[in-house]
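Visitor: The sequence shown begins at 1 in full-length UniProt numbering and counts up one residue at a time.
Beta carbons are placed, not taken as given, at the ideal position from N, Cα and C, and that holds for glycine.
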Amino acid sequence: MDSETQMPGPVCLIENTENELTVNPKALEILSAITQPLVVVAIVGLYRTGKSYLMNKLAGKKKGFSLGSTVQSHTKGIWMWCVPHPEKPDHTLVLLDTEGLGDVEKGDNQNDSWIFALAVLLSSTFVYNSMGTINQQAMDQLQYVTELTNRIRAKSSPNANEDENSADFVSFFPDFVWTLRDFTLQLEADGQPISADEYLENSLKLKQGTNQKDKNFNLPRLCIRKFFPQKKCFIFDRPTHRKKLGQLETLNDNELDPEFNQQTITFCSYIFKNSKTKTLSGGIEVNGPRLKSLVLTYVKAISSGGLPCMENAVLALAQIENSAAVRKAIDHYDQQMGEKLQLPTDTLQELLELHKASEKEAIEIFIKNSFKDVDHLHQKELAFEKQKLISKAVFVGLENLVLTYGDAIISGDLLCIENAIRALAQVENVATVQKAIVHYDKQMGSIITSIKLAISALNFTSKKNGTSVERQDQEEKYGPAKVPAQLEKKRDDFYKQNMKASSDRCSALLKDLFDPLEEDIKQGIYSKPGGYRLFIQKINELKKKYLQEPRKGIQADEVLQTYLTSKESVTDAILQTDQSLTEKEKDIEVQRVKAESAEAAAKMLEEMQIKNQQMMEQKEKSHEEHVKQLTEKMQAERAQLMAEQERTVALKLQEQSRLLKEGFQNESKQLHNEIQNLKRSMERPRSTCILS
């Protein structure tokens, strides 16, 4: 955690006022600023049992969490203190101190169960603090652990034919640490010294019997054993005389019991060395923003009368992060293209090569920043955004073609319509293109709108209908915020910018070259015998100069042809007034001009077909790149999941063996069934990478 975000003291994370849980915005702001992985240690227990003292020691401070000195509970709700981790560089230690359970002043202890459940859900190490020994009273006070399955759901939609088993919870639940305060017994069993951990294991042994008393005895023990396979126990002597307990914040270590000091050091050392980074299913490390999302999701579920669902919380977090991953990827793509692309490009291939390199980097950024992309919806969204840019170039190509002949079509000039259709006929699916032009002719009141409607008849667009419908379904499911509208518009316009830059450059060049010619025409230089041949000679000279100019871009031929087409009436007038030509020569010249016009149109259509082919090839390459990177990510996630499940199976097998050894056949059989279900889920084939 950066120095500027260090907290001088704890703040309330979840407030508990009038039996309602609410989240403190100030605490959420603090979490939002922490980008490091978090080690989250939560402590719960009865009020006035010294929880806050241990948390202050973990923070390396004497003061911080309120200790109090009376029988009143000081901590309300859940308080948070984020400090740099003392032994894990680039990690933040998050300490969560909870209000005391069983506070007589609250009257209604309904929220105690929720506080307990939230501490379990949010932490990577869960510390339960109690006074004295582990006896039946201590177990009875730990009733909240028996209510976890009634307070928490592991899956959003568990199998209707079976209840969620402990294996579903183990992968989410934290390590369990039991701290016993003011412990006075000798750690012995059968006259032999034992460790605190062995004392805990002995205390969790089940009692043979089937009556209700035996069931009540076994229930909390069985829950701890099943839900928390990783368990640890620490004992603490009384720190000082009873009358000085209220002054712990001011006492120096040499004023406390030496044994207690050493026990505290041992406890803190264990927490620092062994508490894991908070992770989600799939090995996703939790940082500040992710913990913030979990807090909001869980508290919202509780406040609305529902049950906190761990799977739903992870998916909600994934939705937020994957949306951000899409934005990061598109921003990077846009930045790379903006910095490296010099408009206009000489060829479409130049643009596509830069697109390919920038897209590859963008996909890598998305893969790195996304997780649990259910059905690859966000990956498809990213692919859709990229493909939309490529498609735009095809749209613009046809748009420019139609605009080239637009004036002629509107004016009813059969010659130009005939030439346009003759050229378009070279496209493989001529019927589709003819349909586009017919539709255009019917809708000529609005050229741009008509072009876009006409283009919708092309097979290229029809092939993308599945993606378009998918996009609509995505927006209905996730809303338009996945990719901001202004970014979409900017991305949509990117290829158009290349076209426009080329058109502007070529138009300016034509103006510079042909303005003197047009002035000569106005002066009548070519309105004389032999003037037509001089005019054609001059036109050819200027065309040669134009074609020799560098970096005109991909619109060079279209703009030139459009300009020459606009001057056909002038050319025809000069031809008709040239009295040095016979009528036959004039007819021959008219046919030559027609042939040149048709040849130019055919060339333009051929170029557009080549561009279309380049676009299709680029689309296929982009698809292959998406599949390649996503497949690698899925394989890594699969390996991580298998490792988690194998760890859970190993822990379950240990517990099953222990139950058999203790003679609990039914419980062992139930655990065996859970293990088999888990193994079957591990063997179940996973979905493959499909991007349509």
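Is it the case that the Cβ atoms of N129 and L54 are separated by a distance below 8 Å?
Guide: As a working mapping, residue 129 is identified with position 129 in the sequence shown. As a working mapping, residue 54 is identified with position 54 in the sequence shown. Yes.
Visitor: Quick one: give me the first and last residue of the beta strand (DSSP E) that S130 is part of.
Guide: Start at 1 with the first residue of the sequence shown, and residue 130 comes out as number 130. Looking at the DSSP string, the run of the beta strand (DSSP E) that includes S130 is T125 to M131.
Visitor: Identify, in the order they occur along the chain, each residue of the same chain with its Cβ nearer than 7 Å to the Cβ of I284, setting aside the five sequence neighbours on each side.
Guide: Here residue 284 is taken as the residue at index 284 of the sequence shown, counted from 1. Once the five neighbours on either side are set aside, the close Cβ partners of I284 are F371.
Visitor: Here's the rule: buried if 16 or more other CB atoms are within 10 angstroms of the residue's CB, otherwise exposed. What is H355?
Guide: Sequence index remark: in the sequence shown, residue 355 carries index 355 (1-based). H355 should be labelled buried.
Visitor: Any idea which residues DSSP pairs V94 with across the strands?
Guide: Here residue 94 is taken as the residue at index 94 of the sequence shown, counted from 1. Partner(s): V40 and C82.
Visitor: I need the straight-line Cα distance from A316 to G663, nearest angstrom please.
Guide: Locating residue 316 in the sequence shown gives position 316, where the first residue counts as 1. Locating residue 663 in the sequence shown gives position 663, where the first residue counts as 1. Looking at the two C-alpha atoms, the distance is approximately 43 Å.
Visitor: Answer yes or no: do V299 and V120 have a C-beta to C-beta separation smaller than 8 Å?
Guide: As a working note, residue 299 is residue 299 in the sequence shown. As a working note, residue 120 is residue 120 in the sequence shown. No; because the gap between Cβ atoms is not below 8 Å, this pair is not in contact.
Visitor: Please look up how many angstroms separate the CB atoms of S195 and L204, rounded, as I've assumed it's under 8 Å.
Guide: Taking the sequence shown and counting its residues from 1, one reaches residue 195 at position 195. Taking the sequence shown and counting its residues from 1, one reaches residue 204 at position 204. S195 to L204, Cβ: 14 Å. No contact.
Visitor: If you drop the 5 nearest sequence neighbours on each side, which residues of the same chain put their C-beta closer than 6 Å to that of R680?
Guide: Here residue 680 corresponds to residue number 680 of the sequence shown, with the count starting at 1. There are no such residues.
Visitor: Can you tell which of P220, S32 and P229 has the C-alpha that lies nearest to the C-alpha of T146?
Guide: On the sequence shown, position 146 is the one that residue 146 refers to. Answer by Cα proximity: P220.
Visitor: Give me the Cα-Cα distance between E585 and G531, rounded to the nearest whole angstrom.
Guide: Here residue 585 corresponds to residue number 585 of the sequence shown, with the count starting at 1. Here residue 531 corresponds to residue number 531 of the sequence shown, with the count starting at 1. Taking the straight line joining both Cα atoms gives about 14 Å.
Visitor: V649 and K278 - do their beta-carbons sit closer together than 8 Å?
Guide: Within the sequence shown, residue 278 is the residue found at index 278, counting from 1. Within the sequence shown, residue 649 is the residue found at index 649, counting from 1. Their beta carbons are not under 8 Å apart, which means K278 does not touch V649 by this criterion.
Visitor: To the nearest whole angstrom, what separates the beta carbons of I115 and N16, a pair I think is in contact under 8 Å?
Guide: As a first step, residue 115 must be located in the sequence shown, where it is residue number 115. As a first step, residue 16 must be located in the sequence shown, where it is residue number 16. Correct: roughly 7 Å between the Cβ atoms.
Visitor: From what residue to what residue does the beta strand (DSSP E) around D175 run?
Guide: Looking up residue 175 in the sequence shown gives position 175. Counting along the chain, the beta strand (DSSP E) containing D175 begins and ends at D175 to R181.
Visitor: Buried or exposed for T264, please, with buried defined as at least 16 other CB atoms from any protein chain shown within 10 angstroms of its CB.
Guide: By one-based count along the sequence shown, residue 264 stands at place 264. Buried, since its Cβ has 16 or more Cβ neighbours within 10 Å.
Visitor: Which of the three DSSP states is assigned to E364 in this structure?
Guide: In the sequence shown, the residue the question calls residue 364 occupies position 364. If DSSP states are grouped into helix, strand and coil, E364 belongs with the helices.
Visitor: Residues in the same chain with beta-carbon distance under 7 Å from S446, minus the five sequence neighbours each way, listed in chain order, please.
Guide: Your numbering for residue 446 matches position 446 in the sequence shown. For S446, the pLDDT reaches just 39, beneath the cut-off of 50, and the residue's location in the model is therefore unreliable, although a value from the coordinates is still provided. There are no such residues.
Visitor: Suppose the cutoff is 7 Å on Cβ atoms and the five residues either side in sequence are ignored; what does the same chain contact list for Q640 look like?
Guide: The residue given as residue 640 occupies position 640 in the sequence shown. Counting only Cβ-Cβ distances below 7 Å, and skipping sequence neighbours, we find G282 and G283.
Visitor: Quick one: residues in its chain with C-beta nearer than 6 Å to the C-beta of L222, no 5 flanking neighbours on either side, listed in chain order?
Guide: Position 222 of the sequence shown, counted from the start, is the residue given in the question as residue 222. Closer than 6 Å at Cβ, skipping near neighbours: no residue.
Visitor: Which runs of the beta strand (DSSP E), 3 residues or longer, sit entirely within the stretch 207–260?
Guide: Taking only runs of at least 3 residues, the beta strand (DSSP E) segments lying wholly in the stretch 207–260 are 231–235.
Visitor: What residue range is occupied by the uninterrupted alpha helix (DSSP H) comprising E15?
Guide: Here residue 15 refers to the residue found at position 15 of the sequence shown. Careful: E15 lies outside any alpha helix (DSSP H), inside the beta strand (DSSP E) at V11 to T17.
Visitor: Counting along the chain, where does the alpha helix (DSSP H) carrying T562 start and finish?
Guide: Taking the first residue of the sequence shown as position 1, residue 562 is located at position 562. From DSSP, the alpha helix (DSSP H) with T562 extends over A556 to S566.
Visitor: Which same chain residues end up closer than 6 Å to E20 when comparing Cβ atoms and leaving out the 5 residues on each side of it in sequence?
Guide: If you number the sequence shown from 1, residue 20 lands on position 20. Cβ within range, chain order: n/a, list empty.
Visitor: Using the C-alpha atoms, what's the distance from K528 back to S580?
Guide: One-based indexing of the sequence shown puts residue 580 at position 580. One-based indexing of the sequence shown puts residue 528 at position 528. Cα-Cα distance, rounded: 8 Å.
Visitor: A420: buried (16+ other C-beta within 10 angstroms of its C-beta) or exposed?
Guide: Position 420 of the sequence shown, counted from the first residue, corresponds to residue 420. Low per-residue confidence applies at A420: pLDDT is 35, beneath 50, and the placement is therefore not dependable, though the value from the model is reported in the following sentence. Buried: at least 16 other Cβ atoms inside 10 Å.
Visitor: In the DSSP assignment, find the unbroken beta strand (DSSP E) run with V326 in it and report its ends.
Guide: Locating residue 326 in the sequence shown gives position 326, where the first residue counts as 1. Note, V326: premise wrong, no beta strand (DSSP E); alpha helix (DSSP H) at M310 to K340.
Visitor: Just grab the DSSP bridge partners of R153 for me.
Guide: In the sequence shown, the residue the question calls residue 153 occupies position 153. BP columns for R153 point to C309.
Visitor: Hey, how far is the Cα of K386 from the Cα of Q349?
Guide: Start at 1 with the first residue of the sequence shown, and residue 386 comes out as number 386. Start at 1 with the first residue of the sequence shown, and residue 349 comes out as number 349. With a pLDDT of only 48 at K386, under the threshold of 50, the placement of this residue in the model should not be trusted; the figure read from the coordinates follows. Roughly 16 Å separates the two Cα atoms.
Visitor: Nearest to P84 by alpha carbon, out of V94, N252 and F227?
Guide: As a position in the sequence shown, residue 84 is number 84, starting the count at 1. Among V94, N252 and F227, the Cα nearest to that of P84 is on V94.
Visitor: Give the straight-line distance between the Cα atoms of V590 and S569, rounded to the nearest whole angstrom.
Guide: Residue numbering aside, residue 590 sits at position 590 when the sequence shown is read from its first letter. Residue numbering aside, residue 569 sits at position 569 when the sequence shown is read from its first letter. Each residue's alpha carbon lies about 12 Å from the other.
Visitor: Would DSSP call I588 helix, strand or coil?
Guide: Counted from its first residue, the sequence shown places residue 588 at position 588. In this structure, I588 counts as helix in the three-state DSSP scheme.
Visitor: So, I34 versus G209, is the Cβ gap smaller than 8 Å?
Guide: Here the question's residue 34 lines up with position 34 in the sequence shown. Here the question's residue 209 lines up with position 209 in the sequence shown. Cβ atoms of I34 and G209: not closer than 8 Å.
Visitor: Comparing alpha-carbon positions, which option in K207, L343 and I536 lies nearest A501?
Guide: Indexing the sequence shown from 1 puts residue 501 at position 501. That would be L343, whose Cα lies nearest to the Cα of A501.
Visitor: Who are the near neighbours of S171 in its chain, counting only those whose CB is closer than 7 Å to its CB and skipping five residues on each side?
Guide: As a first step, residue 171 must be located in the sequence shown, where it is residue number 171. Answer for S171: S281, E644 and T648, listed in chain order.
Visitor: Over the uninterrupted alpha helix (DSSP H) stretch that includes L547, give me the two end residues.
Guide: For the purposes of this step, residue 547 is identified with residue 547 of the sequence shown, where counting begins at 1. That run of the alpha helix (DSSP H) goes G531 to Q548.
Visitor: Please classify E18 as buried or exposed, where buried requires at least 16 neighbouring CB atoms within 10 angstroms.
Guide: Here residue 18 refers to the residue found at position 18 when the sequence shown is read from its first residue. Exposed.
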